[in-house]
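Numbering (the numbering used here), first residue to last: 145 to 674.
Beta carbons are placed, not taken as given, at the ideal position from N, Cα and C, and that holds for glycine.
What follows is one structure encoded as structure tokens, with my remarks underneath.
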């Protein structure tokens, strides 16, 4: 017989083989326990939860669980709510069997054969005083919350310390927000709803999406989002957003408007989905091709999965139109971006006045250039719209004079009407953007405060990238004097791309990566023009 084993780098579980050697257990019980030990600690250890990942039914799994419980590999404890009803079941899994509490150990010593001592019993009259009654009031009995989920352990609890460490109070509050059903259950109120056996802090993705998109949290009131065709028809129809009536800053906001708009901007970007291994990267959605404007996609080398890189999603070799791959490695990108953020924060801390002037001047210049570009396009669209009106008048006169046939007149009229309809939509969009920019103030103060927050950052995090960087333009590497040079342009939030002045006291990040034999990648700051 031959056994083919795989390399133990991933997709394997380390556990004790005690239950596999136990002849008293059936094969079904051994397999079920092995599967339970391989699952995460917060898994739904119920018969229905286990039945959802295997082909056995609830009854068969219940028998196997009973066998494991009798053998000491598992304990089940029913939890009751304030009303006395059973609300949940807590599971405790052991890799090695454990004797039930209170089980006496057998006496292996020789039995005592000495004649027992017979004492005269006490004939005193018993005390007839009423004993103190046990207080059974529910508020004095410590009960376990019905939101406590099943805990599983992959080691023998007898080897652990008797007292567990206190929980970390620095945990983010968003990690422990209860769902509405779990919230009411903790207060003894039963509410109708689905997924009552789900973890109490597991929110549905559609619910999170709706919460993130609600503009009412900014303090606004939105009217006419739906309408009905008749007062006799109770069905509501979603109205076009252009027909909404929005009253801003009516009530106290739950979240500031700048943060809400930033969330909408991030959600609007198309990010590459996770790979089959569930792997993603914090730069996904931030890297943009400098030539075609498409996003760069995340990949890893098939021969060496440790090499992770990005390249243009519109590369013509992959049936796109971009002429170059814009290949860049992730490890090199992380060090370069972190080094640039360090230079930015050092410049802000050592030369605060110069930094504020540079940011404010650059941000105002960027906004003004963008506004001028949009204003130029808006004026061109208005001119074309007026020109089409004049062409209509001339065609009508030519048709009346007999210079243009009726068929030709109808065809040209349809063509110009379609063009004018498209122009109307583009004019409306540009007009709204120009009005928004005229009312919007430059968020330089917010950006400066964010930069100060990451003065001592040692590692890149997704939150840091989202708060500081809008996107990064990746250029194709070019050969200059026998050396390949690749340019990166970092566009920061609120201010765009900014060039840090060449200050001698600011050290450049030391980045040197050996990509393969004989090839090394290093970093140097781009020289400022002028």
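Residue i - containing beta strand (DSSP E), residue span
i: residue 617; result: 613-618
i: residue 159; result: First-last for residue 159: undefined, no H or E at that position.
i: residue 431; result: 431-433
Nearest residue (CA-CA) to residue i, options the options
i: residue 470; options: 443, 388, 371 and 366; result: 443
i: residue 391; options: 399, 363, 466 and 402; result: 363
i: residue 402; options: 565, 611, 631 and 174; result: 611
i: residue 521; options: 577, 483, 467 and 536; result: 577
i: residue 332; options: 432, 226 and 378; result: 226
i: residue 484; options: 461, 598 and 558; result: 598
i: residue 89; options: 449, 399, 163 and 642; result: Lying outside 145 to 674, the shown extent of the chain, residue 89 is not represented and no answer is given.
i: residue 156; options: 178, 410, 242 and 355; result: 178
i: residue 559; options: 571, 334, 579 and 532; result: 532
i: residue 605; options: 235, 241, 193 and 427; result: 427
i: residue 394; options: 384, 359 and 425; result: 359
i: residue 158; options: 184, 325, 169 and 166; result: 184
i: residue 342; options: 329, 354 and 353; result: 329
For residue i, the first and last residue of its enclosing alpha helix (DSSP H)
i: residue 635; result: Here residue 635 belongs to no alpha helix (DSSP H); instead the beta strand (DSSP E) covers 632-636.
i: residue 171; result: 171-182
i: residue 369; result: Looking at the DSSP string, residue 369 is not in any alpha helix (DSSP H), and its letter there is neither H nor E.
i: residue 454; result: Segment 452-456 is the beta strand (DSSP E) holding residue 454; no alpha helix (DSSP H) there.
i: residue 484; result: 474-494
i: residue 604; result: Taken as a continuous stretch (DSSP letters only), residue 604 belongs to no alpha helix (DSSP H), as it is neither H nor E.
i: residue 355; result: 349-357
i: residue 402; result: 401-412
i: residue 345; result: Run containing residue 345: none; DSSP gives neither H nor E here.
i: residue 192; result: 191-195
Coil, strand or helix - residue i by DSSP
i: residue 640; result: strand
i: residue 200; result: coil
i: residue 446; result: coil
i: residue 246; result: In this predicted model, residue 246 has a pLDDT of only 46, less than 50, meaning its place in the structure is not dependable; the value taken from the coordinates is given anyway. The answer is coil: DSSP assigns residue 246 none of H, G, I, E or B.
i: residue 321; result: coil
i: residue 436; result: coil
i: residue 571; result: helix
i: residue 149; result: coil
i: residue 548; result: coil
i: residue 560; result: helix
i: residue 334; result: coil
i: residue 426; result: coil
i: residue 530; result: helix
i: residue 522; result: helix
i: residue 610; result: helix
i: residue 538; result: helix
i: residue 576; result: helix
i: residue 167; result: coil
i: residue 598; result: coil
i: residue 185; result: coil
Cβ shell of residue i (< 8 angstroms), same chain only, five flanking positions each side left out
i: residue 382; result: 369 and 370
i: residue 575; result: 522
i: residue 629; result: 621, 622 and 623
i: residue 438; result: 432, 456, 457, 458, 464 and 466
i: residue 388; result: 366, 367, 368 and 369
i: residue 590; result: 402 and 638
One or two residues paired with residue i in a DSSP bridge
i: residue 624; result: 627
i: residue 218; result: 237
i: residue 392; result: Residue 392 pairs with nothing; no bridge assigned.
i: residue 441; result: 455
i: residue 224; result: 230
i: residue 381; result: 371
i: residue 466; result: 459
6 angstroms Cβ shell around residue i - same chain, five flanking residues per side excluded
i: residue 404; result: 362
i: residue 542; result: 548
i: residue 281; result: Confidence at residue 281 is low in this model, with a pLDDT of 45, below 50, so its placement is unreliable and the value that follows should be read with caution. Closer than 6 angstroms at Cβ, skipping near neighbours: no residue.
i: residue 529; result: 567
i: residue 451; result: 445
i: residue 211; result: 173
Neighbourhood of residue i by C-beta, 7 angstroms cutoff - its chain only, sequence neighbours within 5 removed
i: residue 594; result: 611 and 612
i: residue 553; result: 539 and 543
i: residue 174; result: 163 and 164
i: residue 407; result: 356
i: residue 563; result: 532
i: residue 347; result: 323
i: residue 625; result: none
i: residue 215; result: 168, 169 and 241
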